Amino acid sequence: MSTDLYCVMGNPVEHSKSPWIHARFAELTGQDLQYVKRLVAVDDFARAVAAWQAEGGKGCNITVPFKFEAAALATRTTERAALAHACNVLRFEADGIFADNTDGVGLVNDITGNAAVALAGASVLLLGAGGAAAGVLGPLIEARPLSITVANRTLGKANALVQRHAALAAQHSVQLQDCELHHVSGGFDVVINATSSSLSGGEVPVPPSVLKPAALAVDLMYGPAARGFMDWAAAHGAVPRDGLGMLVEQAAEAFMLWRGVRPPSAQVLAELRAALD
Ligand code: ATR
Numbered sequence: 004m005s006t007d008l009y010c011v012m013g014n015p016v017e018h019s020k021s022p023w024i025h026a027r028f029a030e031l032t033g034q035d036l037q038y039v040k041r042l043v044a045v046d047d048f049a050r051a052v053a054a055w056q057a058e059g060g061k062g063c064n065i066t067v068p069f070k071f072e073a074a075a076l077a078t079r080t081t082e083r084a085a086l087a088h089a090c091n092v093l094r095f096e097a098d099g100i101f102a103d104n105t106d107g108v109g110l111v112n113d114i115t116g117n118a119a120v121a122l123a124g125a126s127v128l129l130l131g132a133g134g135a136a137a138g139v140l141g142p143l144i145e146a147r148p149l150s151i152t153v154a155n156r157t158l159g160k161a162n163a164l165v166q167r168h169a170a171l172a173a174q175h176s177v178q179l180q181d182c183e184l185h186h187v188s189g190g191f192d193v194v195i196n197a198t199s200s201s202l203s204g205g206e207v208p209v210p211p212s213v214l215k216p217a218a219l220a221v222d223l224m225y226g227p228a229a230r231g232f233m234d235w236a237a238a239h240g241a242v243p244r245d246g247l248g249m250l251v252e253q254a255a256e257a258f259m260l261w262r263g264v265r266p267p268s269a270q271v272l273a274e275l276r277a278a279l280d
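Put into structure tokens, the structure is as follows:
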């Protein structure tokens, strides 16, 4: 039997941890696969996917900036990928391309599993309404918190995201509302930073009063990009968490989708953290 091929496509892609994570998953589950990085020119995504398929690729992960294009390219998508308007994993099938978005379920599994914090019944503040926020909102709703407030600098984008998810929220009895970033008030059990403000060296765009005592404060990024938000959260009595767990858990869901086998994600997260420290 030949080795199955997977890759991550992005631009930039050089620093992606996905090859390391999937190689470790494969080793630990005895799966015969090879996983590589593919740097794709920004105007060349569709051709790159077709070329990967022609080379024998079985599927791929998709990262910035191609998640939206990938969703549009797919012949079949999961409901959560359709709601997100974005996908991070493709599986090549005999009759087309199947697309999913595992970012949100990855975040939920990291919070409820690795961090052991309950989302059910919690009040959640989601900061941002761009691609990263859109990718996680559906699965956050499905985790049945009491409420989710989507706060964004540009209110219209938060409003559009909330409107799109209104039916799902009603179905799961979740109070879902939008809010302008500077008008957020009250405290929350879980605060999730899905803005890219730290990338431009910006301050955390909300007051510390949004953090209930011992709230969980998760940044979807990791490394230096998450530092500012995490330091702010810790300084105000919250429990900070970066996006490394979400990264490993979204990969675990992709691995399941491709291979039908659940990898030991908590072990791989611990190993990755140790390697990065
Ligand atoms: P991503 O894929 O990382 O989500 P994006 O789609 O460009 O990137 O979205 C970036 C998010 O960060 C948006 O919610 C953006 O707010 P706007 O919709 O108002 O642009 C938010 N953001 C970026 N810089 C910010 C800043 N300095 N303060 C507050 N929010 C910021």
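The working numbering applies: residue 4 is where the sequence shown begins, and numbers increase by one.
Beta carbons: idealized from backbone N, C-alpha and C, even for Gly.
As the structure is a prediction and not an experimental result, all values here were calculated from the model.
Discussion item. Less than 7 Å between the C-beta atoms of C52 and N14, yes or no?
Written reply: For clarity, residue 52 is Val in the given sequence; the question names Cys instead. Contact flag unset, no.
Worksheet item: Alpha carbon to alpha carbon, how far is T198 from L184?
Response: 11 Å
Practice prompt. Using the Cα positions of W235 and V242, report the straight-line distance between them to the nearest angstrom.
Written response: 10 Å
Worksheet entry | Strand pairing of V92, partner residues [DSSP] | N64, D103
Discussion item. I need the DSSP call for D222, collapsed to helix, strand or coil.
Written reply: strand
Item to complete: Taking L164 and V153 to be in contact with their CB atoms under 8 Å, please state how far apart those CB atoms are, rounded to whole angstroms.
Response: 6 Å
Discussion item. Is M201 close to the ligand ATR? I mean its beta-carbon at under 6 Å from any heavy atom of the ligand.
Written reply: For the record, residue 201 in the displayed sequence is Ser; it is not Met. No, Cβ of S201 sits at least 6 Å from all heavy atoms of the ligand ATR.
Worksheet item: Within 6 Å: the Cβ of A132 and any heavy atom of the ligand ATR?
Response: It does: the Cβ of A132 is within 6 Å (strictly closer) of some heavy atom of the ligand ATR.
Item to complete: Find the nearest neighbour of T157 within the set H175, Q166, A132, judged by alpha-carbon distance.
Response: A132
Worksheet item: Buried or exposed: H18, going by 16 or more other Cβ atoms within 10 Å of its Cβ?
Response: Exposed, since its Cβ has fewer than 16 Cβ neighbours within 10 Å.
Worksheet item: Using the beta-carbon count (16 or more within 10 Å), is T66 buried or exposed?
Response: buried
Worksheet item: What do you get for V265, buried or exposed, if any count of 16 or more other CB atoms within 10 angstroms of its CB means buried?
Response: The residue you asked about is not Val; residue 265 is Arg in the sequence shown. Its Cβ having fewer than 16 others within 10 Å, R265 is exposed.
Item to complete: Please name the residue, chosen from M224, M233, W55, A172, that lies closest to L247 on a Cα-to-Cα basis.
Response: When M224, M233, W55, A172 are compared, the shortest CA-CA separation from L247 is found for M224.
Worksheet item: Between the Cα of S212 and the Cα atoms of V16, T6, V92, L128, which residue gives the shortest distance?
Response: L128
Item to complete: Helix, strand or coil for V213, going by three-state DSSP, please let me know.
Response: helix
Practice prompt. Please report the Cβ distance between C182 and A161, rounded to the nearest whole angstrom; I am assuming they are in contact, meaning their Cβ atoms lie under 8 Å.
Written response: 7 Å
Worksheet item: Okay, do the region 67–82 and the region 101–112 touch, 3+ Cβ pairs below 8 Å being the bar?
Response: yes
Item to complete: Check T115 in the structure and name its three-state DSSP category.
Response: helix
Fill in: Cutoff 8 Å; reference A269; Cβ partners in own chain excluding five residues on either side
G116, N117
Discussion item. To the nearest angstrom, how far is the alpha carbon of V251 from that of I114?
Written reply: 12 Å
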